[in-house]
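To convert a position in the sequence shown, counted from 1, into the working numbering, add 65. One structure is given below, encoded as structure tokens.
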Amino acid sequence: MQTTLQHDTENIAPRPKIDPADALTVVPRLLAGFFLGGLAIMYVVAQNWGMVAFLGFASGLMLYWGFRLINKMRRENVEYIAYRAAEEAAARATRKANR
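As structure tokens, then:
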């Protein structure tokens, strides 16, 4: 026999665990990485190989940090991602059944 409290806690969707500092820094990190990569391409055309090496390294580092942060946030939110995937699968099945 389930109590009302147990029944209510089973129906509550898991909340994503996202640190606001992480959420606010992931996009600027990725944008900075792509911007620095674009600058590196510009210096390839100008044949300034020292700047290409520096900007290529800086771009790679920024992109690496950004994708590492994304993967960290994914690891911390496995339950939420699974819940959302199940919700979306149920919605797709409902739409498919209503055709």
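Ideal Cβ placement from N, Cα and C applies to all residues, glycine included.
The beta carbon of Y148 sits closer than 8 Å to the beta carbons of A78, P79 from its chain, once the five residues preceding and following it are set aside; these are given in chain order. With respect to the 8 Å criterion, L104 and L120 are classified as neighbours on the basis of their beta carbons. The DSSP-derived three-state label of A78 is coil. Sorting A155, S124, A111, E141 by C-alpha distance to the C-alpha of D84 places E141 at the top.
Counting the other Cβ atoms within 10 Å of the Cβ of M107 gives fewer than 16, which makes it exposed.
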